[in-house]
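Residue 86, in UniProt numbering, is where the sequence shown stops; the numbers in between run on with no holes.
Comments concern the structure below.
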Amino acid sequence: MADDKSNAAAYWSANLRLIFGSLFVWALVSYGFAILLRPLLAGIPVGGTDLGFWFAQQGSILCFIAIIFHYAWKMNKLDEKFGLGE
C-alpha cells in the first residue's frame with residue numbers, strides 16, 4: 001500500500017513538473033516575446049513584418065500547438081514509465 005502511494009506521488013510530481021514547465025513556456029512566448037520584448041524584437045524582419053509582431057500573431061499559436069504535442073508525447077512516456085500506458 002505504501003509503495004502504491006509513493007508511486008502515485010512520484011507520478012503526480014512528474015505530471016506537475018511537466019504542467020508547470022508547459023505553463024512557463026506558454027507565458028514566456030505569449031507575454032515575454034509578444035508583449036514585453038516586442039520593442040527589442042521590432043528590428044528583426046520575419047515574413048515581411050517584425051519578429052515581435054510575428055510572435056504576437058503566428059508564433060504564439062505555433063508554440064501553443066507545439067506545447068500540446070510535447071505534453072501528449074511526454075505524458076505517454078510518463079504513463080509507460082509508471083505502468084499506466086495504453
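For every residue, glycine included, the Cβ atom is placed at its ideal position computed from N, Cα and C.
For residue i, the residue or residues it bridges with in DSSP
i, result
"V46", "T49"
For residue i, three-class secondary structure by DSSP
i, result
"F82", "coil"
"L40", "helix"
Assigned exposure category for residue i - 16 Cβ within 10 Å defines buried
i, result
"L51", "buried"
"A34", "buried"
"W54", "buried"
Top-ranked residue by Cα proximity to residue i, from the options
i, options, result
"S30", "F24, S60, W54, P45", "S60"
"L28", "G47, I67, N15", "I67"
Supposed close pair residue i, residue j - CB separation, criterion 8 Å
i, j, result
"F64", "W12", "F64 to W12, Cβ: 24 Å. No contact."
"A10", "R38", "With a Cβ gap of about 40 Å, A10 and R38 do not count as contacting."
"L78", "A8", "Wrong, their Cβ atoms sit about 13 Å apart, outside the cutoff."
C-beta neighbour in chain B for residue i, strict 8 Å
i, result
"V25", "Reference to chain B is not applicable here, since this structure consists of a single protein chain."
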